[in-house]
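Novice: Encoded as structure tokens, here's the structure I'll be asking about.
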Amino acid sequence: MDEKTSIQARVGLHPNKAAGVKQPVHFAARYGRIGATHLFAALSVAEGLIYGCCRLAKTFLDFQGFLLEVLIPEAIRRGVRHIYLILDNGSTHAP
């Protein structure tokens, strides 16, 4: 299980230019930021399934919410008796 921080939603300030004959699509180099989100995700090694959710912040409460709202209910639904978490020493994982 891990988190990916600061996934930024961006929108180009100018419209993209369509591709022409022997010319690629031209994307705007300048963009406006619309905010950021944080992805919490876990991999079920046995099935190769990925579980995840996005949060507006990256705190222990967000991490705990991911465990309580996504990971544990899915484990109960599937009849899993043990969940093993491999975590780094980030402050997100400690209360």
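Position one of the sequence shown corresponds to residue 627 (the working numbering), numbered consecutively onward. Glycine included, each C-beta is placed from N, C-alpha and C at the ideal position. Bear in mind that the values here come from a model prediction, so they are computed numbers and not experimental data.
Whole angstroms is fine: what's the gap from G691's alpha carbon to A701's?
Specialist: Taking the sequence shown and counting its residues from 1, one reaches residue 691 at position 65. Taking the sequence shown and counting its residues from 1, one reaches residue 701 at position 75. Distance from the CA atom of G691 to the CA atom of A701, rounded to whole angstroms, is 15 Å.
Novice: Please list the terminal residues of the continuous beta strand (DSSP E) segment that includes L675.
Specialist: In the sequence shown, residue 675 corresponds to position 49, counting from 1. Counting along the chain, L675 sits inside the beta strand (DSSP E) bounded by residues L675 to R681.
Novice: The alpha helix (DSSP H) that contains G691, what's its start and end?
Specialist: Translated into positions along the sequence shown, residue 691 becomes position 65. Taken as a continuous stretch (DSSP letters only), the alpha helix (DSSP H) holding G691 covers F686 to F692.
Novice: Applying the 10 Å Cβ sphere with the 16-neighbour rule, what's the burial state of K684?
Specialist: Indexing the sequence shown from 1 puts residue 684 at position 58. It is buried - the Cβ of K684 has at least 16 other Cβ atoms within 10 Å.
Novice: Applying the criterion that 16 or more other CB atoms from any shown protein chain within 10 Å of the CB defines a buried residue, is Y668 buried or exposed?
Specialist: Position 42 of the sequence shown, counted from the first residue, corresponds to residue 668. The amino acid at residue 668 is misidentified as Tyr; the sequence shows Ala. Buried, by the Cβ-count rule.
Novice: Suppose the cutoff is 7 Å on Cβ atoms and the five residues either side in sequence are ignored; what does the same chain contact list for V696 look like?
Specialist: Along the sequence shown, one-based indexing puts residue 696 at 70. When the five nearest sequence neighbours on each side are left out, the beta carbons in the same chain lying within less than 7 Å of the beta carbon of V696 are those of Y677 and C679, in order along the chain.
Novice: Whole angstroms are fine: how far does the CA of A654 sit from the CA of P641?
Specialist: The residue labelled residue 641 in the question sits at position 15 within the sequence shown. The residue labelled residue 654 in the question sits at position 28 within the sequence shown. For P641 and A654, the distance between alpha carbons rounds to 7 Å.
Novice: I need the DSSP call for H652, collapsed to helix, strand or coil.
Specialist: What you label residue 652 is simply residue 26 of the sequence shown in a count that begins at 1. If DSSP states are grouped into helix, strand and coil, H652 belongs with the strands.
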